[in-house]
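K.L.:
Numbering (our numbering), first residue to last: 56 to 134.
All residues carry an ideal CB built from backbone N, CA and C; glycine is no exception.
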Amino acid sequence: KVMPTYPIDAIPMRLAGTVVLDTTIGEKGNVDDVKVVSGPPLLTAAAVDAVRQWHYSPYLLNGKPVKMKKQVSVSFQAP
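1. Taking C-alpha atoms, which residue in 56, 62, 134 lies nearest to residue 101?
2. Based on Cα-Cα distance, which residue from 91, 67, 115 lies nearest to residue 106?
3. If you measure between the beta carbons of residue 76 and residue 95, is that distance less than 8 Å?
4. Find out if the Cβ-Cβ distance for the pair residue 35, residue 129 is shorter than 8 Å.
5. Suppose the cutoff is 7 Å on Cβ atoms and the five residues either side in sequence are ignored; what does the same chain contact list for residue 111 look like?
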């Protein structure tokens with residue numbers, strides 16, 4: 056799991072919050088697709104960049120790997 060890097064542009068505002076993402080986990084456990092559901096616009100790109108690097112154990116259906124949708128929340132604290 057790769058943690059997101061707090062965006063430099065958000066530092067002066069001390070922006071904090073949660074970015075909610077809809078993801079599709081592929082048959083090999085890679086994050087194949089990411090869509091922003093909600094969150095502060097200045098934080099969404101950092102959250103998407105981090106989540107795209109995550110890797111999961113593949114979901115199995117009858118013993119075979121399948122694609123799966125998963126909602127992910129990424130929280131940011133002001134530095």
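P.N.:
Considering the structure as presented:
1. Counted from its first residue, the sequence shown places residue 101 at position 46. The shortest C-alpha separation from residue 101 is found at 62.
2. As a working note, residue 106 is residue 51 in the sequence shown. The residue with the shortest Cα to Cα distance from residue 106 is 91.
3. Here residue 76 corresponds to residue number 21 of the sequence shown, with the count starting at 1. Here residue 95 corresponds to residue number 40 of the sequence shown, with the count starting at 1. Not closer than 8 Å, so no.
4. The structure shown does not extend to residue 35, since the chain spans only 56 to 134, so no value can be given for it.
5. The residue labelled residue 111 in the question sits at position 56 within the sequence shown. Cβ neighbours of residue 111 beyond the five flanking positions: 80, 84.
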